[in-house]
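Q: Line by line, the protein sequences give chains G and Y. For the first sequence, position 121 matches number 300 in the working numbering, and the numbering has no gaps at all. For the second sequence, position 276 matches number 703 in the working numbering, and the numbering has no gaps at all. Even for Gly, the Cβ is constructed at its ideal location relative to N, Cα and C. None of these values were measured; they are calculated from a predicted model.
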Amino acid sequence: MTGARVVVDTRPLAIVVMARSSRYFGFLAIAAIFWAIISFPTPPGLTVAGQRVLAIFVASLLLWVSQLLPLAITSLFALVSLPLSGVMSSEEAFALFGNEAVFFIMGAFFLAAAMVKSGLSSRVALVFLRRFGTDDRRLILGLLLVPAFMAFWMPEHAVAAMMFPISLEIVNSLELRPRRSRFGKAVFVAAAYGAIIGGVATFLGGARNPLAIGILRQSTGVTIGFFEWMTAVVPLVLFLLVVAYFLIIKFFVQEASDVSGAVRAIESKARELGVVSGQERMIAAIVLAAILAWIFLGNTMGLANIAILAVVFLFMFKLVSWKDIEDYVNWGVILMYGGAIALGFAMDSTRAAAWIADSTILARQLAPLTLLLVIAVTAILLTEGISNAAVVAILMPLGISVARKYGIDPKVITLAIAVPSGLAYMLPMSTPPNAIAYSSGFVDIRDMVKIGSILAITSVVGFMVLARFYWPLIGLEF
Amino acid sequence: MTELAMIDNPGFLKLDLVIRGMKISRDSLDSPEISRAIRLSNETGAALELNIILPDEVIVNIPVLACLAEEKPYTLVKKGDGFSIRAQSGEAVEVRLAPTPQYYDRKTTSGVPMVRIGRTYGGYLALSPNPLCEFIEDDLACHYCDLSTRDHRAWTVDEVLETVDAALSEGAAEYICLNVGYTRSADGGIALLEPYIQAIKDRFDVQVCVQAQPPAVDHWIDSSYAMGIDSIAYNLEVYDPQIFEEIAPGKMRVVGRERYFSALKHAAKIFPSGAVVSNLIIGSEPVASTMKGIDMLTALGVIPTLPIYRLGLSASTDASTAAQTIEPIYRHLGEGLRRNRLSPTLISHFNLAFNAIDGEYFGGEAPIRGRWETVVKSKRGTRLAANLSRVRRRLRVRPLDDDFSEDH
Ligand code: SF4
Chain G
180 MTGARVVVDT
190 RPLAIVVMAR
200 SSRYFGFLAI
210 AAIFWAIISF
220 PTPPGLTVAG
230 QRVLAIFVAS
240 LLLWVSQLLP
250 LAITSLFALV
260 SLPLSGVMSS
270 EEAFALFGNE
280 AVFFIMGAFF
290 LAAAMVKSGL
300 SSRVALVFLR
310 RFGTDDRRLI
320 LGLLLVPAFM
330 AFWMPEHAVA
340 AMMFPISLEI
350 VNSLELRPRR
360 SRFGKAVFVA
370 AAYGAIIGGV
380 ATFLGGARNP
390 LAIGILRQST
400 GVTIGFFEWM
410 TAVVPLVLFL
420 LVVAYFLIIK
430 FFVQEASDVS
440 GAVRAIESKA
450 RELGVVSGQE
460 RMIAAIVLAA
470 ILAWIFLGNT
480 MGLANIAILA
490 VVFLFMFKLV
500 SWKDIEDYVN
510 WGVILMYGGA
520 IALGFAMDST
530 RAAAWIADST
540 ILARQLAPLT
550 LLLVIAVTAI
560 LLTEGISNAA
570 VVAILMPLGI
580 SVARKYGIDP
590 KVITLAIAVP
600 SGLAYMLPMS
610 TPPNAIAYSS
620 GFVDIRDMVK
630 IGSILAITSV
640 VGFMVLARFY
650 WPLIGLEF
Chain Y
428 MTELAMIDNP
438 GFLKLDLVIR
448 GMKISRDSLD
458 SPEISRAIRL
468 SNETGAALEL
478 NIILPDEVIV
488 NIPVLACLAE
498 EKPYTLVKKG
508 DGFSIRAQSG
518 EAVEVRLAPT
528 PQYYDRKTTS
538 GVPMVRIGRT
548 YGGYLALSPN
558 PLCEFIEDDL
568 ACHYCDLSTR
578 DHRAWTVDEV
588 LETVDAALSE
598 GAAEYICLNV
608 GYTRSADGGI
618 ALLEPYIQAI
628 KDRFDVQVCV
638 QAQPPAVDHW
648 IDSSYAMGID
658 SIAYNLEVYD
668 PQIFEEIAPG
678 KMRVVGRERY
688 FSALKHAAKI
698 FPSGAVVSNL
708 IIGSEPVAST
718 MKGIDMLTAL
728 GVIPTLPIYR
738 LGLSASTDAS
748 TAAQTIEPIY
758 RHLGEGLRRN
768 RLSPTLISHF
778 NLAFNAIDGE
788 YFGGEAPIRG
798 RWETVVKSKR
808 GTRLAANLSR
818 VRRRLRVRPL
828 DDDFSEDH
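Written out as structure tokens, the structure reads:
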């Protein structure tokens, strides 16, 4: 046997049946809502095509939020619903799947796979950590900054997964006890929040950022360059890292601890990796070249072209195998983004998104700063409950309409949605870095909610200050 | 009680036949059914028994070879095309012989006589596919353990499947009952049965009951249900702790009496009501102790079955004395089941051991009889029950995995 661990639900059978079939009731309810929207008389200001897209959007939104279907499958449902409901032809709908953002995400995943598989990412993390670990506070600073910096260049969930064994080694070497040790909590919370905060800095930390850019570009033709994004967001990242550091120290590191054991553990882990291999050097060179190209040539060469070209070089020099890529890449995310971009485009082109903007609170003439606050707060609240990519998929089409209506630069709205939607601090299920920290057994939900809520509020405040005073200086007006 | 009263009451007759035995008349020996049973016994070396169906479809199982020559109070005689059982007083009652299944003559592809792998008793096919029991190896075997039925290698899954297929397709059995000994692993031995159970459940719409020892940890009880077991028996055998240790030293010293109770209690939460069973051997301890055992088990949600084929009562015991012993126990059992709202419907297929179903013959009530029982035991009924059981399992069992939702 397997002795496969199972749970036997011993509640009364009627309740079990209800609980088990709730998913089908959910589907029925969503189908009923879909049907109701479709069959309602078309309201003034909305076209018939717009009404259909609206029905698809609402159904997708409910499916994304409830997770009754995997995110990717909901996106595919949205994609095929567009031609099936006569909103656009199959050719048009599927062509939207070939958006540049989708290929950029794919290329970025491939590069990250090469870094992880070759051990390069762990080496970089350990090399930097060695420079920090002389006392307890510096160690925590290192555990916050190293993943933050790594998440500039690779997906934050990959960074969190890579940091986990290192953090585990540290707590084991210090003989810290799960749940009890406050320093142990600090170790895992720092690694998680570092990855989360760093993940908003570039297009590479979270694929939601290219998704937002993809929807922006598809709907408006406008785009945000790699360097432009970094220039706009990095100051916020630095501010949040400082706040996170002091919060972690305040909550978890009151008295000094001896971390010499941890320093030794980091040293020995670094030694285990041996000398830098030729393969790692080559991968590092290619990734570095790609980053420089994204920064300096992104607008002319195209981000996706650079990413894919870098991948071609990886294979040309046999630095990674197709099997490695297959195992590592989250293909579901790629499928999800294709569908979400198509739906976002349809929402915009049929003016369904504009109609929503006109008929909700957003129709009132809010001050642009207030509008930005409403959007950022909505995004940061939503992202605690649902996937941050789903938040982008839901809010972007509306955001672009609102930007048009208010005459605001759509880039500003894109940043106001994409950046807060990446900052989920409070719950283990909000984002993989939190889930990984929670799975260590050191951190409990109360810790996360306590420190995460303060950090979320600080994030919104920091974001607003940045938008109000800094962005106009770099040409992002609203 | 007179022999007449005894022979007219199928419950008492079964009891008396089990205690005092029966012989076979010369003319019966020539009947095709019995001569076939004897031939099979000689050919395979397997101890064959006759399954005799008494009035009211009460089935009793009697070893054939043990009763050919000895002096017995009852004789099986040929009567026309059928049989009857005649008491020494000359009173007789018509009976039928449950036909010896055809598959008893067949061999598996690997050449093992199927009768060695599994035998039918009334409605069920009993199999002990793996003979391992660490109590036996450690010299702690239960005193009633029938070691002779376990002197074989472990049968392969294919051998067991072929036998089950043969028995089910000729209608010789409607249920499968698997037995397993004890192993010192966390699963207590049930893991030895898992491949067989899964294969049987994959291939056939049939209910499976298992007699095993309690696993060391509760999650194996959950896994037992999840792997497809419909009814489970952790047999306590005796309630009195001293006697328990005497007759089942392995169970007492290695597993522990308390573990039987806690495992049965957990199993009663996991399995459907009435599907958790435990034997209490009548006659092996004072009646008051058996009754306490009944109270304890029924309060835990467990149905006590009351075997008497291993009864402490000897063959010389007067049947009416045995009946007097049994009567209050059955009444007590009926009350215990009612008090704890337990229905023995599910275990009605254990129709060779004495159980609550036989209560009506000993002054108690029969919880199911007549049309309902016919439905439950019909081919369609058993298939329906197997499918309902499958649906219940699907609804209740979930894999335990930590599934963090994907997010990017
Ligand atoms: S548990 Fe007892 S009866 Fe069963 S096989 Fe082992 S020794 Fe024999």
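1. Based on DSSP bridge pairs, tell me the residues matched to ALA501/Y.
2. Taking LEU602/G as the query, report the chain Y residues whose CB atoms sit under 7 Å from its CB, ordered along the chain.
3. By Cβ distance, which residues of its chain are closer than 7 Å to VAL584/Y, with the 5 residues on each side in sequence left out?
4. Could you name the residues of chain G that ILE697/Y contacts, counting a contact when the two beta carbons are closer than 7 Å?
5. List the residues that DSSP assigns as beta-bridge partners of ILE485/G.
6. Less than 7 Å between C-beta atoms, sequence neighbours within five positions excluded: which residues of the same chain meet that for ASN484/G?
7. Below 8 Å CB to CB, which residues in the same chain sit around ARG680/Y once its five sequence neighbours on both sides are set aside?
8. Considering only heavy atoms of the ligand SF4, does any lie closer than 6 Å to the CB of GLY608/Y?
9. Let's test the definition: count the other Cβ atoms within 10 Å of the Cβ of SER516/Y and tell me whether it reaches 16, buried, or not, exposed.
10. Can you tell me the Cβ-Cβ gap for ALA411/G and TRP650/G, rounded? I've got them flagged as a contact below 8 Å.
11. Taking the straight line between their C-alpha atoms, what separation do you get for SER741/Y and GLY448/Y?
12. Tell me whether the beta-carbon of LEU707/Y lies closer than 7 Å to the beta-carbon of THR717/Y.
13. For ASN557/Y, does the three-state DSSP call read helix, strand or coil?
14. Quick one: grab the DSSP three-state call for ILE489/Y.
15. Using 8 Å for Cβ pairs, my map puts LEU275/G next to GLN397/G. What's the rounded Cβ distance?
16. What number of angstroms, rounded off, separates the C-alpha of LEU827/Y from the C-alpha of ILE194/G?
17. Is ALA292/G near ILE504/G, with beta carbons less than 7 Å apart?
18. Assuming contact is defined by CB atoms lying nearer than 7 Å, are ILE544/Y and ALA749/Y in contact in what I supplied?
19. Buried or exposed: where does CYS604/Y fall if 16 or more other Cβ atoms within 10 Å of its Cβ makes it buried?
20. Within this structure, are the beta carbons of GLY550/Y and TYR609/Y separated by less than 7 Å?
21. Check whether the Cβ of PHE562/Y lies closer than 6 Å to any heavy atom of the ligand SF4, and answer yes or no.
22. I want to see whether chain Y comes within less than 7 Å of VAL244/G, judged by CB atoms only; does it?
23. Any residues in the region 192 to 204 of chain G with a beta carbon nearer than 8 Å to a beta carbon of chain Y? Which ones, in chain order?
24. Could you tell me whether any non-hydrogen atom of the ligand SF4 is closer than 6 Å to the CB of ALA386/G?
25. Cα separation between LEU261/G and MET515/G?
26. Let me confirm a value: PHE698/Y is counted as buried when at least 16 other C-beta atoms fall within 10 Å, else exposed. Which label applies?
27. ARG310/G CB to nearest chain Y CB: under 7 Å?
28. Check whether the region 379 to 397 of chain G touches the region 425 to 432 of chain G, counting contact only when three or more Cβ pairs, one atom from each stretch, lie closer than 8 Å.
29. What did DSSP end up calling MET180/G once you bin it into helix, strand or coil?
30. So which of SER436/G, MET341/G, TRP243/G, LEU545/G has the shortest CA-CA distance to LEU353/G?
31. Does the region 529 to 537 of chain G come close enough to the region 573 to 584 of chain G that 3 or more CB-CB pairs lie under 8 Å?
32. With H, G and I counted as helix, E and B as strand and the rest as coil, what does DSSP make of ALA660/Y?
33. If we ignore side chains and look at the alpha-carbon of each, how far apart do GLU459/G and GLU564/Y end up?
34. If we count the other Cβ atoms within 10 Å of its Cβ and call it buried at 16 or more, is LEU738/Y buried or exposed?
35. Give, in chain order, every residue of the region 626 to 655 of chain Y whose Cβ lies closer than 9 Å to some Cβ of chain G.
36. Skipping 5 residues on each side, what residues in its chain have a beta carbon closer than 7 Å to that of ALA525/G?
A: Let me lay it out:
1. For the record, residue 501/Y in the displayed sequence is Tyr; it is not Ala. The bridge partners DSSP lists for TYR501/Y are ALA514/Y.
2. Within chain Y, no residue comes near LEU602/G; the closest Cβ sits about 13 Å away, beyond 7 Å.
3. Counting only Cβ-Cβ distances below 7 Å, and skipping sequence neighbours, we find PRO622, TYR623, ALA626.
4. In chain order: VAL187, THR189.
5. Looking at the DSSP assignment, ILE485/G forms no beta bridge with any residue, so it has no partner.
6. Taking ASN484/G as the centre and dropping the five residues before and after it, the same chain places no C-beta closer than 7 Å to its C-beta.
7. Taken in chain order, the residues that qualify are LEU567, GLU672.
8. Yes, the ligand SF4 has a heavy atom inside 6 Å of this Cβ.
9. It counts as exposed.
10. Contact holds; Cβ gap of about 6 Å.
11. Caution is warranted here: a pLDDT of 49 is assigned to SER741/Y, below 50, making its placement in the model unreliable, and no coordinate value can be reported.
12. Yes, these two residues count as a Cβ contact at 7 Å.
13. Here ASN557/Y carries a coil assignment [DSSP, helix/strand/coil].
14. Secondary structure at ILE489/Y: strand, using DSSP grouped into helix, strand and coil.
15. The C-beta distance from LEU275/G to GLN397/G rounds to 7 Å, short enough to meet the 8 Å contact threshold.
16. Rounded to whole angstroms, LEU827/Y to ILE194/G spans 19 Å at the Cα level.
17. Yes, they are a contact pair.
18. Using a Cβ distance threshold of 7 Å, ILE544/Y and ALA749/Y do not count as a contacting pair.
19. Flag for CYS604/Y reads buried.
20. Taking 7 Å as the Cβ cut-off, GLY550/Y and TYR609/Y do not qualify as a contacting pair.
21. Inclusion of PHE562/Y in the 6 Å shell around the ligand SF4 follows from its C-beta lying nearer than that to a non-hydrogen atom of the ligand.
22. For VAL244/G, the answer is no, since every Cβ of chain Y falls outside 7 Å of its Cβ.
23. Residues of the region 192 to 204 of chain G with a Cβ closer than 8 Å to any Cβ of chain Y, in chain order: LEU192, VAL195, VAL196, ARG199.
24. Answer for ALA386/G: no, Cβ out of range of the ligand SF4.
25. Cα to Cα, the separation comes out at about 15 Å.
26. PHE698/Y comes out buried.
27. Not one beta carbon of chain Y lies nearer than 7 Å to the beta carbon of ARG310/G.
28. The answer is no - the region 425 to 432 of chain G does not touch the region 379 to 397 of chain G, with fewer than three Cβ pairs under 8 Å.
29. Note that MET180/G scores 46 on pLDDT, short of 50, meaning its location in the model is unreliable and no value can be drawn from it.
30. Among SER436/G, MET341/G, TRP243/G, LEU545/G, the Cα nearest to that of LEU353/G is on SER436/G.
31. Counting C-beta pairs with one atom in each stretch, the region 573 to 584 of chain G and the region 529 to 537 of chain G have three or more that are closer than 8 Å, which means they touch.
32. Strand.
33. When only Cα atoms are considered, GLU459/G and GLU564/Y end up about 58 Å apart.
34. Summary for LEU738/Y: the model assigns pLDDT 44, below 50, so the residue's position carries little reliability, and this model does not support an answer.
35. Of all residues in the region 626 to 655 of chain Y, HIS646, TRP647, ILE648, ASP649, SER650, TYR652, ALA653, MET654 have a Cβ within less than 9 Å of some Cβ in chain G.
36. Excluding the 5 residues flanking it on each side, ALA525/G has same chain C-beta neighbours closer than 7 Å at VAL232, LEU261, VAL266, MET267, in chain order.
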